[in-house]
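Colleague:
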Amino acid sequence: MQEVVKTKPQIIEKELIPQLKFPKELSHVQQEGLMEKLIEATKLGNIDHVKVAIVFEDSEGVKQVETTIWAAGLNYICLKGGMWLPIANIIKIETL
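Counting in numbering that gives the first Met the number 0, the final residue of the sequence shown is number 95, and the numbers go up one at a time with none missing.
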């Protein structure tokens, strides 16, 4: 496994997420404390509409989306606009 992110992610619009394929085998390590960061980002997104940069891996490589997290579950997060992203494929998040 590689470190968190060594390659520059491709920035995409959140509306493209439903078209992506997500592999079960990942080549990157997730950020330490990712679930806690997702929960905090969800609170900030709902209260103050704070956006985050989410770096994740799909079948074609590493991508990044900048948006608000509306909900965080056990396996998926829901982004603004109702887009769902599997938590297992998230590498890291950062507040913008």
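Even glycine gets a Cβ: it sits at the ideal position worked out from N, Cα and C.
#1: For His-48, which residues does DSSP report across the bridge?
#2: Have a look at Lys-5, Phe-55, Asn-74 and flag the residue whose alpha-carbon is nearest the alpha-carbon of Ile-38.
#3: Which residues in the same chain have their Cβ closer than 8 Å to the Cβ of Ala-70, if we skip the five residues on either side of it in sequence?
#4: Check each candidate in Glu-24, Leu-95, Glu-65 and name the one with the smallest Cα separation from Glu-59.
#5: Do Lys-13 and Thr-94 have their C-beta atoms within less than 9 Å of each other?
#6: Which term fits Glu-56, buried or exposed, when burial requires 16 or more other beta carbons within 10 angstroms of its beta carbon?
#7: With C-beta atoms as the reference, is Lys-36 less than 9 Å away from Ile-92?
Modeller: By the coordinates alone:
#1: Position 49 of the sequence shown, counted from the first residue, corresponds to residue 48. His-48 pairs with nothing; no bridge assigned.
#2: Locating residue 38 in the sequence shown gives position 39, counting from the first residue. Comparing Cα-Cα distances from Ile-38 to each of Lys-5, Phe-55, Asn-74, the minimum goes to Asn-74.
#3: Locating residue 70 in the sequence shown gives position 71, counting from the first residue. Cβ neighbours of Ala-70 beyond the five flanking positions: Thr-41, Ile-76, Cys-77.
#4: What you label residue 59 is simply residue 60 of the sequence shown in a count that begins at 1. Of the candidates Glu-24, Leu-95, Glu-65, the one whose C-alpha sits nearest the C-alpha of Glu-59 is Glu-24.
#5: The sequence position of residue 13 within the sequence shown is 14, counting from 1. The sequence position of residue 94 within the sequence shown is 95, counting from 1. Contact flag unset, no.
#6: Translated into the one-based positions of the sequence shown, residue 56 becomes position 57. Burial check for Glu-56: the Cβ neighbour count within 10 Å reaches 16 or more, so the residue is buried.
#7: Translated into positions along the sequence shown, residue 36 becomes position 37. Translated into positions along the sequence shown, residue 92 becomes position 93. Contact annotation: Lys-36 and Ile-92 have beta-carbon atoms nearer than 9 Å.
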